[in-house]
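Right, one structure below, let's go through it.
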Amino acid sequence: MRILDWKLVQLGSTMVSLAVYSNVQHILWQSRRQDAARTNGSAWKDDRMGGGAGQGDKSNDGQAFVLYPKGTNFNMDYYLSTHMPLAYKSWSEFGLKGWSVVEFGPDSDYCVQAILEWDSEESSKKALASEAAGVVMADVKNFSDKAPTFLSGKVVGSS
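Just so you know, we're using this note's numbering here: the sequence shown kicks off at 68 and counts up by one.
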């Protein structure tokens with residue numbers, strides 16, 4: 068098993084190093100918003116494209132991780148076609164820039180993970196405190212029989 072990518076994320080006062088290992092089966096879907104207004108007037112670029120401040124610099128961004136435990140009765144088709152677009156539509160006004168969903172292999176403690184990319188850690192907190200969050204959370208019962216684990220933090224470094 069080899070590391071494919073890693074990021075340092077601050078969860079509260081704790082620094083966490085997150086690694087994407089080669090045993091992850093595949094990324095099922097990825098949505099990135101190419102919104103010039105959110106990136107200081109320039110087109111959004113991933114860090115690996117060599118962007119600087121305002122062009123892929125994620126040092127002030129927030130990330131949230133939604134982890135569904137192994138053994139969950141999970142409807143991936145519904146999740147990708149209905150729930151994640153609902154979450155994006157509901158929370159993009161609060162600063163949700165994009166999302167990706169990862170399906171893990173059988174050796175993992177989790178079966179699915181959603182990664183939500185935010186303008187800032189504060190943006191994710193505002194979205195989760197909004198009325199829109201109630202609609203998004205009420206939809207969970209339509210694709211999962213278990214509650215997810217939620218983690219969020221500020222990106223403090225990336226490659």
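Using N, Cα and C, we set each Cβ at its ideal position, and we do this for glycine too.
query: K193: first and last residue of the uninterrupted alpha helix (DSSP H) it sits in; result: 188-195
query: Terminal residues of the alpha helix (DSSP H) in which E160 lies; result: Counting along the chain, E160 falls outside any alpha helix (DSSP H), and DSSP gives it neither H nor E.
query: Residue interval of the alpha helix (DSSP H) (run including G201); result: 198-205
query: Any 3 or more C-beta pairs closer than 8 Å across the stretch 209-224 and the stretch 133-146; result: yes
query: Identity of the residues DSSP links to T216 by a beta bridge; result: L134
query: E198 burial status per 10 Å Cβ neighbour count (16 or more: buried); result: exposed
query: Enclosing beta strand (DSSP E) for L183 [first to last residue]; result: 177-185
query: Status (buried if at least 16 other CB within 10 Å, exposed otherwise) for S157; result: buried
query: C-beta contact flag for G224 and E188 at 8 Å; result: no
query: S80 (DSSP reduced to helix, strand or coil); result: Since pLDDT at S80 reaches only 45, below the 50 mark, its modelled position is unreliable, and no value is offered.
query: Whole-angstrom C-beta distance between M151 and A181, which should lie under 8 Å; result: 7 Å
query: Whole-number beta carbon distance between L183 and S191, since they are thought to touch under 8 Å; result: 7 Å
query: Rounded straight-line distance, which links the Cα of F141 to that of F210; result: 5 Å
query: CB contact flag (G162, W185, <8 Å); result: yes
query: Identity of the residue in S148, L147, Y145, Y177 nearest T139 by Cα; result: Y177
query: Separation of S226 from K208, as counted between CA atoms; result: 36 Å
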